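Chemist:
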Amino acid sequence: MYETILTERRGSIGVITLNRPELHNAFNEVLVAELNAVFDAAEKDESLHALVLTGNGKSFCAGADTKWMRGMAKASQLENREDSLQLARLMRRLNFIDIPTIAMVNGAAYGGGIGLIACCDIAIATEDAKFALSEVKLGLVPAVISPYVVDAIGLRQARRLFTTGEVFDAAYAVRIGLLHETVPADALYDTVVETVKRLEKAGPMARRASKRLALRVAGRNEREQAKLDAENAELIARIRVSDEGQEGLTAFLDKRKPNWIKDEA
Numbered sequence: 002m003y004e005t006i007l008t009e010r011r012g013s014i015g016v017i018t019l020n021r022p023e024l025h026n027a028f029n030e031v032l033v034a035e036l037n038a039v040f041d042a043a044e045k046d047e048s049l050h051a052l053v054l055t056g057n058g059k060s061f062c063a064g065a066d067t068k069w070m071r072g073m074a075k076a077s078q079l080e081n082r083e084d085s086l087q088l089a090r091l092m093r094r095l096n097f098i099d100i101p102t103i104a105m106v107n108g109a110a111y112g113g114g115i116g117l118i119a120c121c122d123i124a125i126a127t128e129d130a131k132f133a134l135s136e137v138k139l140g141l142v143p144a145v146i147s148p149y150v151v152d153a154i155g156l157r158q159a160r161r162l163f164t165t166g167e168v169f170d171a172a173y174a175v176r177i178g179l180l181h182e183t184v185p186a187d188a189l190y191d192t193v194v195e196t197v198k199r200l201e202k203a204g205p206m207a208r209r210a211s212k213r214l215a216l217r218v219a220g221r222n223e224r225e226q227a228k229l230d231a232e233n234a235e236l237i238a239r240i241r242v243s244d245e246g247q248e249g250l251t252a253f254l255d256k257r258k259p260n261w262i263k264d265e266a
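Here the sequence shown stands for residues 2 to 266, where the numbers follow our numbering.
#1: By how many angstroms is the C-alpha of E225 removed from the C-alpha of I147?
#2: Measure from the alpha carbon of K45 to the alpha carbon of each residue in V142, I98, L250, then state which is nearest.
#3: Ordered along the chain, which non-local residues of its own chain (more than five positions away) have a Cβ less than 7 Å from that of G249?
#4: Taking C-beta to C-beta, are A65 and A27 nearer than 8 Å?
#5: Excluding five sequence neighbours on each side, which residues of the same chain lie with their C-beta closer than 8 Å to the C-beta of I6?
#6: How many whole angstroms separate the CB atoms of A231 and Q78, which I take to be in contact at a CB cut-off of 8 Å?
#7: What distance in whole Å lies between the Cβ atoms of A234 and A89, which are believed to be in contact at a cut-off of 8 Å?
#8: If you pair each beta-carbon of the segment 184-204 with each one of the segment 92-112, do three or more pairs fall below 8 Å?
#9: Nearest-angstrom Cα distance between R241 and R199?
#10: To the nearest angstrom, report how far apart L49 and G204 are at their CA atoms.
#11: Which two residues bound the contiguous beta strand (DSSP E) that contains F61?
#12: Hey, would you say V150 sits closer than 8 Å to I115, going by beta carbons?
#13: Expressed to the nearest angstrom, what Euclidean distance is found between the alpha-carbon atoms of R161 and V168?
#14: Give every residue of the same chain whose Cβ lies closer than 7 Å to the Cβ of Q247, excluding the five residues on either side of it in the sequence, and list them in chain order.
#15: Note the first and the last residue of the continuous alpha helix (DSSP H) segment covering K68.
#16: On a CA-only basis, which of V194, L52, V197, M92 is nearest T8? Give me that one, please.
#17: Whose C-beta lies closer than 8 Å to the C-beta of I103 among residues of the same chain, with five residues either side of it excluded?
#18: Taking the runs of the alpha helix (DSSP H) that are 4 residues or longer, which of them lie wholly in the segment 138-202?
#19: Measuring CA to CA, which of I177, D264, Y173 is closest to R157?
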């Protein structure tokens, strides 16, 4: 039993549901720890043909929750670094796990929620889902998730979306490579099941080896990723405790505009 997630075995499919619907399935330290634990356990289960990650309620994942962000604003640079490293381990674990993974995106995804999608091998969403890498609007950067998002959407698109923080729709997400396809909401689960059936036509060992192959050919490995994660954790920790980061977080929590947005005359 978990506090922030639901786990279910449906035949050869493991379904992991983010279960904080009242907070749009936003991250906190418990959710991060519980997902890490589930991924560690799933890695050992050779009978699993796929892991499906989804959200309970109207949203997939809204990034960091308000309480967690309030803690970030008050924490030291060292505490922020350690906090970021835990989230980095989660993303790294999901990205490199041998089991094929499917993001079943049932609604909006922001910030770290996009990171989860980018770390999955296959991403299928409802047609009305919305997305944003909105960290810059808080005076922050999407440091921890950046390697996976850049891999998914490419450098050119990342340079735009990292710096504008704009909201984009599911059709745009397909065009840039964040999603593989979109379907009506009532067809989402059946589409994922059909995708798993295609996976099951592959040899179990070959399926896992092929995933590792793609990562290796692209020059991705966990050891080098861990080094980059440490650098990115240091970056986001430094920015969070900076004057701009503090102003951005405080303005968000106080539901006001940050001081770098000037009212038009």
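A virtual CB, placed ideally from N, CA and C, is assigned to each residue, including glycine.
Computed from a predicted model, the values in this text were never measured in an experiment.
Modeler: A quick look at the data gives this:
#1: The sequence shown places Ser at residue 147, not Ile. Spanning the alpha carbons of S147 and E225 requires a straight line of approximately 15 Å.
#2: Taking K45 as reference, the option from V142, I98, L250 with the minimal CA-CA separation is I98.
#3: Around G249: L139, G140, L141, P259.
#4: For A65 and A27, yes; Cβs fall inside 8 Å.
#5: For I6, where only same-chain residues beyond five positions count, the Cβ hits under 8 Å are I17, T18, L19, N20, L32, E35, L36, V39.
#6: That belief does not hold up - the Cβ atoms of A231 and Q78 are roughly 14 Å apart, past 8 Å.
#7: At roughly 6 Å, the Cβ-Cβ gap stays under 8 Å, so A89 and A234 are in contact.
#8: Taking a cut-off of 8 Å for Cβ pairs, the segment 184-204 and the segment 92-112 touch, as three or more such pairs fall below it.
#9: Rounded to the nearest angstrom, the two C-alpha atoms are 44 Å apart.
#10: Rounded to the nearest whole angstrom, the C-alpha separation of L49 and G204 is 13 Å.
#11: Here the beta strand (DSSP E) through F61 covers 60-62.
#12: Using a Cβ distance threshold of 8 Å, V150 and I115 count as a contacting pair.
#13: Distance between the alpha carbons of R161 and V168: 12 Å.
#14: Result list for Q247: A74, in chain order.
#15: In the DSSP assignment, K68 falls within the alpha helix (DSSP H) that extends over 67-75.
#16: Comparing Cα-Cα distances from T8 to each of V194, L52, V197, M92, the minimum goes to L52.
#17: Within the same chain, and ignoring the five residues on either side of I103 in sequence, the residues whose Cβ sits closer than 8 Å to its Cβ are A51, L52, V53, L54, C121, D122, I123, A124, I125, V193, T196, V197.
#18: Scanning the segment 138-202 for uninterrupted alpha helix (DSSP H) segments of 4 residues or longer gives 147-154, 156-165, 171-177, 189-200, listed from N- to C-terminal end.
#19: Ranking the options by Cα distance to R157, first place goes to I177.
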